[in-house]
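Report on the following structure.
Numbering (our numbering), first residue to last: 61 to 181.
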């Protein structure tokens with residue numbers, strides 16, 4: 061009689077996730093949690109950006125349609141493209157989906173002379 065050991069053991073990290081799924085960093089960038097308990101996943105969202113004073117002193121241009129930037133939401137880092145801008149409100153499309161709560165803070169980065177610089181939140 062053959063018994064599948066995975067049915068009867070709890071793995072080292074306190075879950076019942078098969079360790080073969082975790083090898084070679086296969087779960088990097090993935091969100092894992094109980095069904096119905098995770099935040100929503102977004103690919104398009106709208107936000108009002110607050111640009112920091114030093115970014116304003118360097119005479120950076122305002123957000124422009126189709127501009128590519130970088131956003132850090134929690135531990136997720138992804139690119140984003142500006143779809144439209146109306147006053148302080150920008151509608152963006154993320155290059156990689158992000159799981160987040162509404163109202164969570166995010167760090168905004170922009171390419172300045174071939175380097176990514178934090179410019180706002």
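Ideal Cβ positions, reconstructed from N, Cα and C, are used throughout, including at glycine. Quick caveat: nothing in here was measured; it's all calculated off a predicted structure.
Asked: If distances are taken between C-alpha atoms only, which option among 93, 85, 140 comes closest to residue 75?; Found: 93
Asked: Quick check: what's the CA-CA separation for residue 167 versus residue 158?; Found: 14 Å
Asked: By a C-beta neighbour count over all protein chains shown, 10 Å radius and 16 as the cutoff for buried, is residue 61 buried or exposed?; Found: Below a pLDDT of 50, predicted positions are generally treated as unreliable, and residue 61, at 49, falls in that range; no measurement from the model is reported.
Asked: Indicate the three-state DSSP secondary structure (helix, strand or coil) for residue 146 in the structure shown.; Found: strand
Asked: Just to confirm, is the Cβ distance from residue 131 to residue 160 under 8 Å?; Found: no
Asked: In the DSSP assignment, what are the bridge partners of residue 138?; Found: 131
Asked: Per DSSP, what kind of secondary structure is residue 79 in: helix, strand or coil?; Found: helix
Asked: Does DSSP classify residue 94 as helix, strand or coil?; Found: coil
Asked: State yes or no: is the C-beta of residue 108 within less than 8 Å of the C-beta of residue 148?; Found: yes
Asked: For a quick check, are the C-beta atoms of residue 123 and residue 150 less than 8 Å apart?; Found: yes
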